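Undergrad: Going by the numbering used here, the sequence shown opens with residue 879, and the numbers climb by one from there.
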Amino acid sequence: MTTPRETRDYQAADAAHHIHAFVDQKALNDEGPRVMVRGERLHLWDNDGRRYLDGMSGLWCTNLGYGRQDLAAAATRQLEQLPYYNMFFHTTHPQVIELSELLFSLLPGHYSHAIYTNSGSEANEVLIRTVRRYWQVLGKPEKKIMIGRWNGYHGSTLAATALGGMKFMHEMGGMIPDIEHIDEPYFFAHEGNLTPAEFGLRAAQQLETKILELGADKVAGFIAEPFQGAGGMIFPPDSYWPEIQRICRQYDVLLCADEVIGGFGRTGEWFAHEHFGFEPDTLSIAKGLTSGYIPMGGLILSKKMAQVLVEQGGVFAHGLTYSGHPVAAAVAIANLKALRDEGVVTRVKDDIGPYLQQCLREVFGNHPLVGDIQGVGMVAALQLAEDKASRKRFANENDIAWRCRTIGFEEGVIVRSTLGRMIMAPALIASREEIDELVGKTLKALDRTAREYGRL
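1) Which residues share a DSSP beta bridge with I876?
2) Who are the near neighbours of Y1171 in its chain, counting only those whose CB is closer than 6 Å to its CB and skipping five residues on each side?
3) For G910 and G1175, which I take to be in contact (beta-carbon distance under 8 Å), what is that distance rounded to the nearest angstrom?
4) Could you pull the start and end residues of the beta strand (DSSP E) that G1255 belongs to?
5) Please name the residue in F1066, Y1064, H1068 and I1060 whose C-alpha comes closest to that of E1337.
6) Give every residue of the same chain whose Cβ lies closer than 6 Å to the Cβ of S990, excluding the five residues on either side of it in the sequence, and list them in chain order.
7) What did DSSP end up calling I1307 once you bin it into helix, strand or coil?
8) In angstroms with no decimal places, state the Cα-to-Cα distance between I1285 and K1319.
9) Let me make sure I understand the geometry here. Which of A1098, V1222 and C1237 has the alpha-carbon closest to that of G1017?
10) Check the C-beta distance from Y1118 over to A1081 and give it rounded, since I have them as a contact under 8 Å.
11) Under the rule that 16 or more other beta-carbon atoms within 10 Å means buried, what is L1161, buried or exposed?
12) If you run the structure through DSSP and keep just helix, strand and coil, what is Y1012?
13) Can you list, in chain order, the residues of its chain with a C-beta nearer than 6 Å to that of F1149? Leave out the 5 residues immediately preceding and following it.
14) With contact counted as at least three CB pairs below 8 Å, one residue from each stretch, are the region 1186 to 1200 and the region 1151 to 1167 in contact?
15) Report all residues from its chain with a CB closer than 6 Å to the CB of S1169; omit the five preceding and five following residues, and keep chain order.
16) With DSSP as the reference, please indicate the residues paired to Q1106 in a beta bridge.
17) If M1256 and I1292 are in contact, beta carbons under 8 Å, what's the gap, nearest whole angstrom?
18) Pick out whichever of D924, H896 and A893 has its Cα sitting closest to the Cα of P882.
19) Pick out whichever of E1121, V1222, A1259 and V1223 has its Cα sitting closest to the Cα of C1237.
20) Note the first and the last residue of the continuous beta strand (DSSP E) segment covering W923.
This is how it looks when you write it as structure tokens:
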């Protein structure tokens, strides 16, 4: 066990050797990061003994919360029995086989095969090559272009960054060829004078316009999150996904859903595309697959795609050292069994998810900083706005949201700020008392922020 050290010592050592994610490292070094040392259910404790309600499930991943001894025990048993073996050399192992059987028992019946990875970013890297290989095998190698959405997020490796639509990320490493984008279905920001249904159709039909512009014979697939996560927790209107699916089917374009955040119960369905009522050809998964206890991701393929690749494709030159890692697979099995056998996903749909959504709308529906509330199940966003009726956003919305997030830490709650929206995604096992704590402390943070900016 690591010997505890003073927080200033940890921070100095961290600054000397570590570059963090999505941060100005010099500024962080001056400030000093929080040093988290313990977690239990929805709560975290830092090295100075301060307690936080984690309203973000770590990074959208600790679906079962912290401190699950069954997941830790599964990892320990597997480490003692077979700590590692690979998916090369014509070999496999029981854990990855059993994980696949369990996973496909939970998925809709039109999926059949998985390619395991270590993360969501890797799953989306594998996606590009797999989709292009599929079309090669079918004699259509010219179908190479992938279409994503502006402000979408699919990871931070080079190809996954390209698939995503965050321009500031594109500027830090460039793009790869044959990637295009259409607009996000962000009604609050872009609706004009349309109804939600009209806006959803218009946003979806940009895909048809883009396919026709590029040529359907050149477009391989369209990738999107069922609801946008890192881009601001944006839920499209109900008319959006049926129209996207119609367009993909009409023009023979693969429909690829990034379920890295939405998968494994977050919306009250096992997978978010089931909530929105469409049928993708591929699913990118990670995060909730193991509740974040150990890294693991994957790419799920439809029976249609798998049949082509397996029966006609010959050698597929792909592979990862840790693909299907036995310890990760063992933890994933324990995690999925817990989600299933403890009725966690059903409870999200029927009980705790509706309770969270009701509380947010009752508490924040008339708050002077909040213009809109979106969400379902255990995921939600509070849209900050200067004027709710006209949907006028604050010119400095990012500064206001970041300040609110910072005050949240001071109040003992962890929520995320993205593009003028306050985001929360608590663990699926939350009690009503823990939801009350999340909402209450977030309200304190919003009220303090409103007072600082003269809105209360």
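The beta-carbon is built from N, C-alpha and C at its ideal position, and this holds for glycine as well. None of the values given here were measured: they were computed from a predicted structure.
TA: Quick look at the numbers:
1) This structure leaves residue 876 out entirely; the chain is present only between 879 and 1334.
2) L949 and V1209
3) About 31 Å; that fails the 8 Å criterion.
4) Counting along the chain, G1255 falls outside any beta strand (DSSP E), and DSSP gives it neither H nor E.
5) Because the chain spans 879 through 1334 in this model, residue 1337 falls outside it and cannot be assessed.
6) Once the five neighbours on either side are set aside, the close Cβ partners of S990 are K1181 and A1184.
7) coil
8) For the pair I1285 and K1319, the Cα-to-Cα distance works out to about 10 Å.
9) A1098
10) 6 Å
11) Classification of L1161: buried, given that the 10 Å Cβ count is 16 or more.
12) Three-state result, Y1012: helix.
13) Within the same chain, F1149 has close Cβ partners E1137 and G1141.
14) Flag = no, the region 1186 to 1200 and the region 1151 to 1167 do not touch.
15) T940, N941, L942 and N1213
16) I1112
17) Taking C-beta atoms under 8 Å as the contact rule, M1256 and I1292 fail to qualify, at a distance of about 15 Å.
18) Comparing Cα positions, the closest option is D924.
19) A1259
20) H921 to D924
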